[in-house]
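Visitor: Got a structure for you, written out below as C-alpha cells; questions coming shortly.
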Amino acid sequence: MTMDNIIHDVAARLSLNEKGVSAVIKLLDEGATVPFISRYRKEATGALDEVAVRSVETTLKSVRELYTRKEFVADAITAAGAMTAKLEESLRNARSMTEVEDIYAPFKPKKRTRATIARERGLEPLARIIMAGNAPYPLRSAERFTGNKDICSAEDALAGARDIIAEWASESTRLRNMTRNTYRRQGAIVCTAAKEKDEELKASPYAAYAAFSNSVRRITSHQYLALRRAESEGMIKVKYSLDDSRGKLEDALSKAYASRLGSQECRKIVSEAVTDASRRLIRPSVENEVSAELKEEADRVAIDIFSQNLRQLLLASPLKGRRILALDPGYRTGCKTVAIDEKGDLLDDAVIYPTPPRNDIEGAHKTLKRMIDRFGLNAVAIGNGTASRETERFIRNSGLMVSDMIFVVSEDGASVYSASETARLEFPDKDVTVRGAVSIGRRLLDPLAELVKIDPKSIGVGQYQHDVDHSKLKNALDYTVMSCVNAVGVDVNTASASLLAYVSGIGPALAANIVKYRTENGSFATRNDLKKVPRLGAKAFEQAAGFLRIMSGSEPLDNTGIHPESYAIVKEMARLAGVKVKDLPGNTSILDSIDPAELSAKGLGGFETIADIVEELRKPGRDPRTDNAETAFTPGVESFEELRIGQKLPGIVSNITAFGAFIDLGIKENGLLHISRISTRRINSVGDVLRLGQHIEVSVIEIDSMRRRISLSMI
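The numbering of the sequence shown is our numbering, which starts it at -13 and goes up by one.
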C-alpha cells in the first residue's frame, strides 16, 4: 500500500482532482480539522468546500480499512504457502471488502463442517477426481475408498465427496456473485406476524408489517429499520423470498460450475453438490450479506436525515438581546418559571399554578408581573410538553407580553441536560426543574449554545436513531455539531466549555482550560492572548483562532472570521487604500474597489483567501443564523377534538424523516405529512422542500381518533 494508491482510490471514488485530495489528506494527517481545511486552506485544496473535504475524510477512512484488510489477507495466504501471481493481482484490484473476503474465503480457518469430516475420512482425492471430470464411472472410482472402516459404501464415499465439492462451490467468487445479483434483482423481503403476538402487533406501530412484502430493490430505509425493530421485539418473522420456483438459480450455478466437465456422470454429481451448496451455504450467506447491505444503506439514510435535521435545529435563529421569561409547564406540580438575562444567566425562579388542578390565575399573574417588571423581561419561552397549550393560553390572555414575543419551544432533551454534570456545575444550588426551565429559555435565546450541552440523540429529531449503528451515528452527529459551531463562530469570552469543546482544534480538555483561565484572569483582549492558556499550543491556536471571536477587543479583526495568519494581508489592503485597518470592516465603498485577482497577482496572497477576507470585512461579526428568522406561531386549534376533515391549519415542521414530516399543529398530537402529500411533483427527499421550524399551511385529510393520529396534506 502506497500513499499514491490511497490518493488515487479516494479521488476516483469521489470524482475529485487528485491534487486537491492529496492536499486534504496531508492536512488531515497533520491534525487539521475539516472546518479549518475548507475555510482556510482553499489554495492548497483547489477550493474544495466543506462537503467535499468531509467526503475525503470519511472515504479515506474506508479506503485505509480496505487496504489494511488486503494486507492481512495477503499475509495470511502467503503464510499458508498458497499465494500466486493471480491471487496477488486479484487482491490488488479488489475494490470492496466483499471482493477481498471472497478471495480469502478458501484460505480462512474453518469450523468443523461436513466437508471437514469428509476430508478426515480421506475423500478429498475422490472429490478432485470428480471435479477433473475424468471419471466416466464415479461409482467405480468411489469403491476404491471403501476400505476405510468409516466409509460403508461407494454411495457413502460419493456423499462425502459431494460435501467437499459443495464447500468448494460455496467459496467460488463467480457463484457467489451470481447469487448476489439474483437476490438484488429478484429477491424480496416477506414478513409474517408472530402468532403469539398477533393481537399485540395489531395495536402496535408495526401493524402494517403483519403481512408486508417488498422487493430488495425497492424497500425503503425506514421500512427496513421498522421491520428490523418489529422483528427484534418478536412481533414479526422476516425471511427472504426468491422468484425461483423452478430452481433457475441452481440450474445457472450448476451450469457455470460443471459445464466444462467431460463426464456426464461427473457433471451430475457436481450439479447435485452445487445445488446443495446453494441452498445450504451460499444462499444463507448471501442473505446475510444483503441484510448487511440494506442495513448499511438504511443507516446511511437515517443518519443523513438526522444530521440534516440537527443542523437545521442548531442553526435556528437566536433571539439575541432579549431577556427571557421561560416556563416549563405542568399541572399538579405547577409551572417552573425562570427569568434569564441576555447572556442566559439566571436572575430569578418561581413556581406558578395557572392550570388545573389549582387554577391560581391571579397568583400566577402577580408572580409573572413582578418578574417581568423587575428584570425587564421582553420575551417568553414555553416548553412544549405537558400543559404547554394551557400555559400558553394563560400567558396570551394575561396581557403581560406582546403576542409576537411569546414562543413555544421544544423541550426534547431538557430533562437530559437538567440531570447532567454540566447542569450541576452551572446550577449547583438549583433542582432539576429550574435547570430544565433555564434550558428552555436559553434555547430561544441561542439554540446552538444551549443544544451543544445535550447528547444530540436526545434532541428529538430523526428516525429510528436507536436502531442505527451507534458509532456511525455519534461520529456524524458530533461532526454536524462541530460544523455548525465553527460556521457560526464562538465568542471566547462568553462561551461555555460545552460550546468551546466543538471549536476546531479545541476539544473538552482545552475548553475547560480556556474557561478556567478566563475565570482567573478576566476576558481575553485579543486572540493572541489565547496562547497564554495552558496546553494551548501553536497547532491548536492555528486550528481554532479563526473560529473564535473577541467582541469589542483591541484588534478589530478579532471579531471576524479572518484568521490571524492573514492579518498582514488586511493591513496591506488598508495601506493600499490609504485607511486604517479599523476603517475597513463594513466600508462598502473601499471593499468594492478591491480586486482579489489583482492583489493575488501582486503576491499579496491566494485569490481565494483574499476574496474570503473581503467578504468577511463586508459583514464583520455577522451571525449567519439571523438570515432565517421565524415569527412566533399562533395555532389554529387548541385540542384534538376540534379537528375536522378538510380543515386548513397553520403548522410548524417539528421533525423530518425519509417518509414525510411531522407537523406541530399547536396541540399535543403532531400530524404526519407524508412525502406523497407535500407536492404534486415527485419529491425524492423531504429535506429538499421542508426544513425544521418552517411555518406551513396544511389540510387535515384523515383523523384516527382511536390511535389519535392525524394525516395532513399540502396539496
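Each residue gets a CB set at the ideal place from its N, CA and C atoms; glycine is no exception.
1. Starting from the Cα of E397, find the closest Cα among Y450, L313, R410, E688 and give me that residue.
2. Using only the alpha-carbon positions, how far apart do R40 and C177 sit?
3. Can you check whether the CB of K439 is closer than 8 Å to the CB of S484?
4. If contact is defined by three or more beta carbon pairs under 8 Å, each pair taking one atom from either stretch, is the stretch 448 to 468 in contact with the stretch 285 to 296?
5. Using beta-carbon positions only, say whether L386 and I358 come within less than 8 Å of one another.
6. Mapping the DSSP letters down to three states, classify A66 as helix, strand or coil.
7. Roughly how many angstroms lie between the CA atoms of A423 and K12, to the nearest whole one?
8. Would you please verify whether the beta carbon of A193 is less than 8 Å from any beta carbon of chain D?
9. Note down the Cα distance separating N545 from S406, rounded to an integer number of angstroms.
10. Could you check what DSSP says for D578 in three-state terms: helix, strand or coil?
11. Please list the segments of the alpha helix (DSSP H) lying wholly inside the stretch 125 to 199, counting only runs of 4 or more residues, in order along the chain.
12. Whose CA, out of F58, P520, L516, lies closest to the CA of E87?
13. Would you call the stretch 165 to 183 in contact with the stretch 103 to 111, where contact means no fewer than 3 C-beta pairs closer than 8 Å?
14. Determine the contact status of I576 and L585, defining contact as a CB-CB distance below 8 Å.
15. For the pair the stretch 144 to 158 and the stretch 89 to 107, tell me if three or more CB-CB distances fall below 8 Å.
16. Alpha carbon to alpha carbon, how far is T31 from L562? Give it in angstroms, no decimals.
17. Hey, is L411 close to the ligand ZN, as in C-beta under 7 Å from one of its heavy atoms?
18. With a threshold of 16 other CB atoms inside 10 Å of the CB of M692, please say whether the residue is buried or exposed.
19. For V388, is the classification buried or exposed, using 16 other Cβ atoms within 10 angstroms of its Cβ as the cut-off for buried?
20. Do you know how far the Cα of I631 is from the Cα of N670?
21. DSSP three-state label for E627, please.
22. Where does P433 land, buried or exposed, given buried means 16+ other C-beta within 10 angstroms?
23. With a cut-off of 8 Å on the beta carbons, I'd call S425 and A400 a contact; round off their distance for me.
24. Would the stretch 265 to 281 and the stretch 159 to 169 be scored as touching if the rule is three or more Cβ pairs under 8 Å?
25. Check each candidate in S127, R107, I151, T132 and name the one with the smallest Cα separation from M117.
26. Going along the chain, which residues of its own chain have a beta-carbon closer than 7 Å to the beta-carbon of E558, five neighbours each way excluded?
27. Mind pulling the alpha helix (DSSP H) runs of 4 or more residues that sit fully within the stretch 391 to 429?
28. State yes or no: is the C-beta of R160 within less than 8 Å of the C-beta of A216?
29. Do I701 and R703 come within 8 Å of each other at the CB atom, strictly closer than that value?
30. In this structure, how does DSSP classify Y488 when only helix, strand and coil are distinguished?
31. For A60, collect the residues of the same chain with a Cβ closer than 8 Å to its Cβ; drop the 5 residues on either side in sequence, then sort them by chain order.
32. Mind reading off the beta-carbon distance from D296 to I445? Whole number of angstroms is fine, and I expect it under 8 Å.
33. Note the first and the last residue of the continuous alpha helix (DSSP H) segment covering A495.
34. Take K329 as the anchor and find which of D335, N479, F198, L211 has the nearest alpha-carbon.
35. Indicate the three-state DSSP secondary structure (helix, strand or coil) for I669 in the structure shown.
36. For the 8 Å Cβ check, are there 3 or more pairs between the stretch 306 to 325 and the stretch 372 to 379?
Guide: Reading it off the structure:
1. Taking the first residue of the sequence shown as 1, we reach residue 397 at position 411. When the alpha-carbon of E397 is set against those of Y450, L313, R410, E688, the nearest one is in L313.
2. Along the sequence shown, one-based indexing puts residue 40 at 54. Along the sequence shown, one-based indexing puts residue 177 at 191. Approximately 38 Å, taken between the alpha carbons.
3. The residue you call residue 484 lines up with position 498 of the sequence shown. The residue you call residue 439 lines up with position 453 of the sequence shown. A distance below 8 Å separates the beta carbons of S484 and K439.
4. Touching, yes, given that three or more Cβ pairs across the two stretches are closer than 8 Å.
5. Taking the first residue of the sequence shown as 1, we reach residue 386 at position 400. Taking the first residue of the sequence shown as 1, we reach residue 358 at position 372. Contact: yes.
6. Counted from its first residue, the sequence shown places residue 66 at position 80. Three-state DSSP puts A66 in coil, outside helix and strand.
7. Here residue 423 refers to the residue found at position 437 when the sequence shown is read from its first residue. Here residue 12 refers to the residue found at position 26 when the sequence shown is read from its first residue. For A423 and K12, the distance between alpha carbons rounds to 46 Å.
8. Although the question refers to chain D, the structure presented lacks it and comprises just one protein chain.
9. Taking the first residue of the sequence shown as position 1, residue 545 is located at position 559. Taking the first residue of the sequence shown as position 1, residue 406 is located at position 420. Looking at the two C-alpha atoms, the distance is approximately 32 Å.
10. Stepping through the sequence shown from its first residue, residue 578 is reached at position 592. The three-state reading of DSSP puts D578 in helix, counting H, G and I together.
11. For the stretch 125 to 199, whole alpha helix (DSSP H) runs of length 4 or above, ordered along the chain, are 140 to 156, 159 to 172, 184 to 188.
12. One-based indexing of the sequence shown puts residue 87 at position 101. Considering only alpha carbons, the answer is F58.
13. As far as the Cβ criterion goes, the stretch 165 to 183 does not touch the stretch 103 to 111, which means the pair count is below three.
14. Here residue 576 refers to the residue found at position 590 when the sequence shown is read from its first residue. Here residue 585 refers to the residue found at position 599 when the sequence shown is read from its first residue. Going by C-beta atoms, I576 is not nearer than 8 Å to L585.
15. Cβ pair count under 8 Å is three or more, so yes.
16. Position 576 of the sequence shown, counting from 1, holds the residue named residue 562. Position 45 of the sequence shown, counting from 1, holds the residue named residue 31. Near 29 Å, if we compare the C-alpha coordinates of T31 and L562.
17. You won't find the ligand ZN in this model; it holds no ligand whatsoever.
18. In the sequence shown, counting from the first residue as 1, residue 692 sits at position 706. With fewer than 16 Cβ atoms within 10 Å of its Cβ, M692 is classed as exposed.
19. For the purposes of this step, residue 388 is taken as the residue at position 402 of the sequence shown. When all chains shown are included, V388 counts as exposed.
20. Counting from 1 along the sequence shown, the entry for residue 670 is found at position 684. Counting from 1 along the sequence shown, the entry for residue 631 is found at position 645. In a straight line, the C-alpha of N670 is about 27 Å away from that of I631.
21. Along the sequence shown, one-based indexing puts residue 627 at 641. Note: E627 maps to helix in three-state DSSP.
22. On the sequence shown, residue 433 is found 447 positions in, with the first residue counted as 1. With 16 or more other Cβ atoms within 10 Å, it is buried.
23. Taking the sequence shown and counting its residues from 1, the one referred to as residue 425 is at position 439. Taking the sequence shown and counting its residues from 1, the one referred to as residue 400 is at position 414. Indeed, because the Cβ distance is near 5 Å, the residues count as touching under 8 Å.
24. Yes, the stretch 265 to 281 touches the stretch 159 to 169.
25. Residue mapping note: residue 117 aligns to position 131 of the sequence shown, counting from 1. Answer by Cα proximity: I151.
26. Working through the sequence shown from its first residue, we reach residue 558 at position 572. Listed in chain order, the non-local C-beta contacts of E558 below 7 Å within the same chain comprise L590, local neighbours out to five positions each way being set aside.
27. Within the stretch 391 to 429, the complete alpha helix (DSSP H) runs of at least 4 residues are 400 to 404, 407 to 412.
28. The sequence position of residue 160 within the sequence shown is 174, counting from 1. The sequence position of residue 216 within the sequence shown is 230, counting from 1. Contact annotation: R160 and A216 have beta-carbon atoms that are not nearer than 8 Å.
29. Any answer about residue 703 is impossible in this case: the structure gives the chain only from -13 up to 701.
30. Residue mapping note: residue 488 aligns to position 502 of the sequence shown, counting from 1. In the three-state reduction of the DSSP assignment, Y488 falls in the coil class, being assigned neither a helical nor a strand state.
31. The residue given as residue 60 occupies position 74 in the sequence shown. If we look at A60 and ignore the five residues flanking it on each side, its Cβ neighbours are M69, E74, L77.
32. Numbered from its first residue, the sequence shown carries residue 296 at position 310. Numbered from its first residue, the sequence shown carries residue 445 at position 459. In the sequence on display, residue 296 carries Leu and not Asp. Sure, about 7 Å apart at Cβ, within 8 Å.
33. Counted from its first residue, the sequence shown places residue 495 at position 509. For A495, the uninterrupted alpha helix (DSSP H) run begins and ends at 493 to 507, by DSSP.
34. In the sequence shown, residue 329 corresponds to position 343, counting from 1. Out of D335, N479, F198, L211, N479 has the C-alpha closest to the C-alpha of K329.
35. By one-based count along the sequence shown, residue 669 stands at place 683. Three-state result, I669: coil.
36. Touching, per the Cβ criterion.
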